[in-house]
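Undergrad: Quick note on numbering: the UniProt record's numbering labels position 205 of the sequence shown as 205, and the sequence is numbered without any gaps.
The C-beta atom is built at its ideal place from N, Cα and C for all residues, glycine as well.
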Amino acid sequence: MLPRTLELEFSEDLEETSLYDQMDHQAVNEAFVTDLVAGGSVGPDVLDIGTGTARIPIFLCQQLEDVRVMALDASTAMLDCAQTNVDVATLLHRIQLAHENVHDLAVFEDDMFDTVLSNTLLHHLPDPMVLLSESVRMTKPGGRVFVRDLVRPVSESAVEAIVQDVSAGEPESAQQLLRHSLHAALTLEETRAMVAQLGLDPETVQMTSDRHWTLDAVIAVA
């Protein structure tokens, strides 16, 4: 098994942010929203932690008319790009962007959101438990926590197989971003162990593609 190798928690590099937004994430973003909507109730008040360039909140609001999204990111470069994307989508009245770090979410009250979601942020964090525990804390009883991230492959050859399958047509810089992310990701077993520490059923974490796990948990009503 490959050891976990951390990457940058967030980037303020404008060129890297632009590259990220231009990469073809449409299929995985749409799959994220499709699975979220198909799996149960969503919103109306949604928190997206690590929104990046806000592609997921935009697609979610286009699918569900009653949803309002608070979209957070620690990178001002990402948020600048997100602001443009939300404006172009004419969704400024439903998507609120905020500059917040996952380590500083105490500004949000307990049980504040109907749905808390996050896509491929967790592998950026030195302590992924921060994201998971805060997501649970901020979700209302009966609400959903929906988190998806990459799975760390077992070998370098497995990493390269995924890179070639997913981003063979992308620039080398984009392929390198994916390599770094795969090395920084958790295994399915590591993720389930963390979820169990929060009192959630480990089986709420399942493999949902050849390279992603998804946590989809309903918070118990006391």
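Which residue comes first and which comes last in the alpha helix (DSSP H) that contains N101?
TA: From DSSP, N101 is part of no alpha helix (DSSP H); its letter is neither H nor E.
Undergrad: Cα-Cα, which of R211, E172 and S133 is closest to L200?
TA: Answer by Cα proximity: S133.
Undergrad: I162 lies in the alpha helix (DSSP H); which residues open and close that run?
TA: Note, I162: alpha helix (DSSP H), E156 to S167.
Undergrad: P141: which of F113, V151, D104 and L150 sits nearest, CA to CA?
TA: With distances taken between Cα atoms, P141 lies closest to F113.
Undergrad: Between the alpha carbons of Q63 and V37, how many angstroms are there, rounded?
TA: Taking the straight line joining both Cα atoms gives about 9 Å.
Undergrad: Between which two residues does the beta strand (DSSP E) harbouring D114 extend?
TA: Taken as a continuous stretch (DSSP letters only), the beta strand (DSSP E) holding D114 covers F113 to N119.
Undergrad: Could you say which of P153, T208 and L131 lies nearest to M194 if we only look at CA atoms?
TA: Ranking the options by Cα distance to M194, first place goes to L131.
Undergrad: From the DSSP output, in three-state form, read off M194 for me.
TA: M194: helix per DSSP, three-state reduction.
Undergrad: Looking at the unbroken beta strand (DSSP E) that takes in P141, where does it start and where does it end?
TA: Residues T139 to L150.
Undergrad: Since R55 is in the alpha helix (DSSP H), which residue starts that stretch and which ends it?
TA: Per DSSP, R55 belongs to the alpha helix (DSSP H) from R55 to Q63.
Undergrad: Which term fits G52, buried or exposed, when burial requires 16 or more other beta carbons within 10 angstroms of its beta carbon?
TA: Per the 10 Å Cβ criterion, buried.
Undergrad: Alpha carbon to alpha carbon, how far is P128 from E150? Give it in angstroms, no decimals.
TA: The question names Glu, but residue 150 in the sequence shown is Leu. Spanning the two alpha carbons is a distance of roughly 13 Å.
Undergrad: So, at 8 Å on beta carbons, what are the nonlocal neighbours of T204 in its own chain, with the 5 sequence-adjacent residues on each side left out?
TA: Correct list, in chain order: V195, L215, D216 and A217.
Undergrad: From S155 to L6, what does the alpha carbon distance come to, in whole angstroms?
TA: Whole-angstrom Cα-Cα distance: 16 Å.
Undergrad: For D210, which of helix, strand or coil comes out of DSSP?
TA: In the structure shown, D210 sits in coil (DSSP, three-state: anything other than H, G, I, E or B).
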